[in-house]
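Q:
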Ligand SMILES: Cc1cc2nc3c(=O)[nH]c(=O)nc-3n(C[C@H](O)[C@H](O)[C@H](O)COP(=O)(O)OP(=O)(O)OC[C@H]3O[C@@H](n4cnc5c(N)ncnc54)[C@H](O)[C@@H]3O)c2cc1C
Ligand SMILES: Cc1cc2nc3c(=O)[nH]c(=O)nc-3n(C[C@H](O)[C@H](O)[C@H](O)COP(=O)(O)OP(=O)(O)OC[C@H]3O[C@@H](n4cnc5c(N)ncnc54)[C@H](O)[C@@H]3O)c2cc1C
Ligand SMILES: Cc1cc2nc3c(=O)[nH]c(=O)nc-3n(C[C@H](O)[C@H](O)[C@H](O)COP(=O)(O)O)c2cc1C
Ligand SMILES: Cc1cc2nc3c(=O)[nH]c(=O)nc-3n(C[C@H](O)[C@H](O)[C@H](O)COP(=O)(O)O)c2cc1C
Ligand code: FES
Ligand code: FES
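Chains as they are written, first to last, in my numbering: chain H, 1 to 329; chain S, 1001 to 1329; chain F, 2001 to 2304; chain B, 3001 to 3304.
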């Protein structure tokens, strides 16, 4: 099928722009996804948008066992952003598979499942369980949340250490054995994000998802104590968008320069509008996730998709993919 | 002089709160300073505030020779922040000493001079020239902007590398030989800011100034090209305040834990109001700088000082210094 | 949630100062259609270019001519922004969110305890109870606040014919003291006024049954809305008098719709297991006996 | 800067649509007191909780009854916010900023070239020139825009009795084409109307002297305000006709008061050295011959 044929009649084609995109072997009808932890497992957004109309729903990072998460308060609003410290509260993988995946499947939504573990073995176990189900079981891809604390190494997050990142991703890739695309989700809180990206790609990741929140803190000026029970929290929202654009640009630039194996980048960070999404795409993202903006507007992922499509049409793009990495041309 | 005596009648004492603070051997009448690059050398703020009433004026980072800086556009507004890419435009140290320092001196303002170099030798040379003048010459302290590119190492910023930071600070400390307090200004764009803080303190810095801007990028959604001529730029303003609070808290916590030599921290990042300043102070800062907020309100440093004093009085503090690090208690 | 919430851009019909608060009426027809007392709305604040990203949540204080009423205290910057709007302003609202107050068993007395603006949803609840045929005298309202200007709904409550008990911390109105000081009298009045002739209906909430077993007279159910420390204190006093308490809590909520997990409280399930439940979707009203008070950091001083 | 700027919180006296623009009158008495044509103000936008941190700069378009006038195009979010304000809104203004237009030598003709809202400060300049005794016919205004609704000040200019030359890119008013198409005729008219009898006064700007040396007739000075590409084109045409051009530039400004160094342009000094000068404090008006056009990225396509 030539590019010309493809521009017509595919599922992604609406109002003249073919929105189809690929994450490795996974074809998505469009490039706008929810972000992990910002849409639970999709169900609560049902009154506000059509989950099946999104590129995919990325589910809240799931661990092996049920986890209560951190104490409250878990959030603080900050200028154009927020801090969160949820601590990966969740029902554990089995309850998740029993309750959440079937609902998404029934709705016709694609599920990208985010996994989190305290060590490489937990990650591998989770990945194995999901790969077993595979696409037929309603799982479209894995997102490996390595921006969570490594129990063995004083709680240092995996994604801040190339060796730890390699270990987790290699373990996951091995057990998945090509049955699902594996995305490594990176933290911006590193001196050199290209180095971590390289560690993940060298370990066999099919793509990168970036960025996770950046570590921040708010102090209550009445009590003079940290607002969050967890003291520090993850900063997200439009405030960090310039950091996300920069990270994506740096990694995509390294790929273009041959310093890094080319691989799809899923852009995340501060996307609130279609034009925000376009910034991440032009920087090098082949899909984008909408996170915190969903709290402001629960229809945001769907709205962003419409706005992005419109913006591409206005700029004369026939295909979404032609906009990827444009800022480097 | 006992603490009780000191609370009355010192220069820092206004409306019941003694605002005096210390940066190593330097006593400042109050803890609110301008931030480097956000107040030039003070003169342009003269219509809007009394420079002598501030803790100090921190001047734009100065290099050996005159520098034209980067091409325009040099700035982009971002949600609750901005990007800048000025590229250390300046007249060079001699013109600076001839024109700017005398003006500040005449006004009775304290000058903290920020220096920047492409290698350790340039830093040392600048530091030597300023230490020669010393306090009698109108220089109160040095701020060493190690968050600028290391010419010898592919433009990697010094502050992203402990060894490079050590080299610069050790060279400066040696040549200054105790004649002026030396503050190392840190970048937040590192995996472990405590490690860089340690490198600087071990190299003999008298204190730390943190944080400098964090690297960001904005893409023009019409041209799909980076807005800044310099492609990436430094993100500043309230958007990054949670990052600043976190960095200060981490470094102060390491000092309290005995993992780092105790030393004064000058807090910088997103301060717009007195309560913002109080957050940085409670996190561990013994002085704060007001940067980007000055663009919104050129009287901001003076206003912040008033608001901080008021907030301390309301909270029952007799002395500013008692609020330092309160969030750790 | 009883009905699916909707997201609507609506007109602010009116805004009126009321003591220390402001009463807003929004032309939110779709929200009003299914809203029930105990549910809340989430409003976006500050406009599209605001630095305030998160919505603010407010209990629905009533329905009025196809619209909804809110009673808002200007606390921080978002609520202050709202109280400064003029009629005609367009606002983005999501609602109704959360579940309604559980229905009061027909033959139980009812005590409603509201702290400050927390009285607003309870007044609507009282109105509905009376409109559905309950004798006004079986509804006892305890309205407390720091000072007189922070009391909400006293006139409204009197107009309904309900029993009204007022407390203020500073004694500027009613009994000087906390709401708990007035709760025993309110419980006694509710019990006195409750239909004597019958035992609790078998279908009524188990809470009502267990409460009535410990005291003489008909069962009384308590509904409380206000700060967490007040909820705990009220539920303790109520329990001493054999009454269960339904607590409408007010946790910090980032999303209000159930996707973020910021708003949780430790709740003991029927299986005895404590889970961090979302107060936005699983609440905001919980049976006081299920709330694990000692695990709530804001009460134990754990972090704030 | 001629006078120290002041920071004032002022009332928006009135706001009136004017073609594609809005004319705002601010009760900014202290700014008005010393303001001169060519200077500008910086307004904060969006309120204290706005995500927009930076001020927006606008040329002062005139003084009116102790206030100042601005002519504002709703371009992005900040300027749109401003054009949506109602009279009575309180605004934070800093001004007057930058230096005024250099005075026109008494015996030179004057051509003022305004692109879009760029005409606004030039009209005020024309008014002042005429008010100070210059014959209106020696002032020629070239007013250009993309389309008729984006033309500013045509009526005002006619009312002054000045020569008026109108161009629009789409031909919806005046000559179809760019302002440069009308500049030669305007120069000729200014030269024709300028006082014939005399040579440039010795104290006049050197620019005027050198310009007049190359052409027949009295000197003519050009003042231009509009987009950078227009300024360059106008100054080239003017130079071909022996006239110097004063260009009022409009660079992105983070502070407006001279502390941030974001707003620079490469300007060749009297010593031949090119320096990046701050257009906010060293400008915004520069002699076109001193501007190093080829080093301006926005013109050479260097970055945008
Ligand atoms: C279910 C529910 C019902 C409520 N009903 C009412 C009501 O009827 N009338 C009324 O005046 N207020 C009510 N509140 C409280 C109201 O939501 C807060 O006062 C308001 O969000 C404060 O916002 P702010 O911008 O003024 O304060 P800020 O302190 O600037 O807010 C910062 C952040 O903290 C959150 N926050 C601050 N205080 C509270 C609080 N007490 N509860 C929850 N979140 C908070 C805000 O939502 C925001 O995200 C209710 C809260 C909840 C959760
Ligand atoms: C000295 C001077 C005088 C001006 N006079 C006028 C005038 O009389 N009338 C008028 O309508 N406009 C004038 N402008 C342009 C006006 O400042 C911009 O249109 C306005 O800042 C755009 O802001 P925004 O929020 O709408 O756009 P956004 O694109 O959202 O602004 C984002 C940022 O870029 C800056 N920016 C965007 N466009 C421009 C621009 N063209 N020039 C400078 N900064 C820009 C903004 O100030 C802001 O910091 C003048 C600019 C300068 C520097
Ligand atoms: C409340 C909240 C919870 C989150 N939970 C997760 C998570 O479980 N796993 C994960 O990989 N990222 C998590 N994130 C990070 C987001 O997926 C996203 O990377 C980040 O918020 C930046 O995007 P945004 O600015 O669009 O929110 C969470 C973010 C928020 C705000
Ligand atoms: C326009 C601009 C120029 C700056 N120039 C310098 C500089 O020359 N040297 C330096 O150490 N920091 C410089 N900074 C960083 C500030 O001093 C400060 O560390 C940073 O902006 C964070 O503080 P803020 O959020 O209050 O602006 C600059 C910042 C801005 C916005
Ligand atoms: S507020 Fe988001 S889950 Fe309750
Ligand atoms: S705008 Fe800041 S120096 Fe000109």
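Yeah, the Cβ is synthetic: ideal placement off N, Cα and C, and Gly gets one too.
In angstroms with no decimal places, state the Cα-to-Cα distance between residue 3225 of chain B and residue 273 of chain H.
A: Rounded to whole angstroms, residue 3225 of chain B and residue 273 of chain H show a C-alpha spacing of 34 Å.
Q: Is residue 3295 of chain B helix, strand or coil by DSSP?
A: helix
Q: Report whether the distance from the Cβ of residue 2259 of chain F to the nearest heavy atom of ligand 5 is below 7 Å.
A: yes
Q: Ligand 2 heavy atoms versus the CB of residue 3076 of chain B: any closer than 7 Å?
A: yes
Q: Any heavy atom of ligand 5 closer than 7 Å to the beta-carbon of residue 1217 of chain S?
A: no
Q: Please confirm if residue 2295 of chain F has its CB atom under 8 Å from at least one CB of chain B.
A: no
Q: Any heavy atom of ligand 3 closer than 7 Å to the CB of residue 82 of chain H?
A: yes
Q: On the DSSP letters alone, give me the boundaries of the alpha helix (DSSP H) that residue 1210 of chain S sits inside.
A: It is not in any alpha helix (DSSP H) - residue 1210 of chain S instead sits in the beta strand (DSSP E) that spans 1207 to 1210.
Q: Cα-Cα, which of H/328, H/63, H/142, H/192 is closest to residue 1214 of chain S?
A: H/192
Q: For a test of the three-state rule: what should DSSP assign to residue 2268 of chain F, helix, strand or coil?
A: strand
Q: Measure from the C-beta of residue 3262 of chain B to each C-beta in chain S and report whether the shortest distance is under 8 Å.
A: Output row for residue 3262 of chain B: interface = yes.
Q: Would you mind listing the alpha helix (DSSP H) stretches within the region 203 to 266 of chain H that are 4+ residues and don't spill past its ends, in chain order?
A: 241 to 256
Q: How many angstroms separate the CA atom of residue 218 of chain H from the CA atom of residue 1239 of chain S?
A: 12 Å
Q: How big is the Cα-Cα spacing for residue 2050 of chain F and residue 3074 of chain B?
A: 18 Å
Q: Cβ atoms of residue 1300 of chain S and residue 1349 of chain S: under 8 Å apart, would you say?
A: One cannot answer for residue 1349 of chain S here, as it falls past the ends of chain S, which runs 1001 to 1329.
Q: Between residue 3053 of chain B and chain S, is any beta-carbon pair separated by less than 8 Å?
A: yes
Q: Over what stretch of residues does the beta strand (DSSP E) that includes residue 2241 of chain F continue unbroken?
A: Where residue 2241 of chain F is concerned, there is no enclosing beta strand (DSSP E), given that its DSSP letter is neither H nor E.
Q: Indicate whether residue 1167 of chain S and residue 3276 of chain B have their beta-carbon atoms separated by less than 8 Å.
A: Taking 8 Å as the Cβ cut-off, residue 1167 of chain S and residue 3276 of chain B do not qualify as a contacting pair.
Q: At a threshold of 7 Å, does residue 2021 of chain F count as lining ligand 2 (C-beta to nearest heavy atom)?
A: no
Q: Do you know whose CA, among H/121, H/195, H/112, H/149, lies nearest residue 133 of chain H's CA?
A: H/112
Q: So, residue 2194 of chain F versus residue 2132 of chain F, is the Cβ gap smaller than 8 Å?
A: no
Q: Do you know whose CA, among F/2081, F/2024, F/2250, F/2146, lies nearest residue 2296 of chain F's CA?
A: F/2250
Q: Using the C-alpha atoms, what's the distance from residue 1036 of chain S back to residue 1103 of chain S?
A: 17 Å
Q: Which residue from S/1252, S/1310, S/1110, S/1257 puts its Cα closest to that of residue 1278 of chain S?
A: S/1310
Q: Cβ of residue 80 of chain H less than 8 Å from any chain F Cβ?
A: yes
Q: Between the region 2110 to 2126 of chain F and the region 2051 to 2065 of chain F, can you find at least three pairs of beta-carbon atoms closer than 8 Å?
A: Yes: at least three Cβ pairs fall under 8 Å.
Q: Please name the residue in F/2117, F/2047, F/2094 whose C-alpha comes closest to that of residue 2085 of chain F.
A: F/2047
Q: How many whole angstroms separate the CB atoms of residue 235 of chain H and residue 1242 of chain S, which I take to be in contact at a CB cut-off of 8 Å?
A: Their Cβ separation, rounded to whole angstroms, is 5 Å, which keeps residue 235 of chain H and residue 1242 of chain S in contact under 8 Å.
Q: Do residue 54 of chain H and residue 302 of chain H come within 8 Å of each other at the CB atom, strictly closer than that value?
A: yes
Q: Are residue 2149 of chain F and residue 2066 of chain F close, meaning C-beta to C-beta below 8 Å?
A: no
Q: So which residues of chain S does residue 191 of chain H contact, with C-beta pairs closer than 7 Å?
A: Annotation: Cβ neighbours of residue 191 of chain H in chain S (cutoff 7 Å, chain order): 1160, 1189, 1190, 1191.
Q: Residue 2090 of chain F: buried (16+ other C-beta within 10 angstroms of its C-beta) or exposed?
A: exposed
Q: Taking only three categories from DSSP, how would you classify residue 2206 of chain F?
A: Since pLDDT at residue 2206 of chain F reaches only 45, below the 50 mark, its modelled position is unreliable, and no value is offered.
Q: Identify every run of the alpha helix (DSSP H) within the region 1144 to 1195 of chain S, keeping only runs that are complete inside it and at least 4 residues long; order them along the chain.
A: 1162 to 1176
Q: Checking contacts by CB at 8 Å: is residue 1333 of chain S closer than that to chain B?
A: In the structure as shown, chain S begins at 1001 and stops at 1329. Residue 1333 of chain S is therefore absent and cannot be evaluated.
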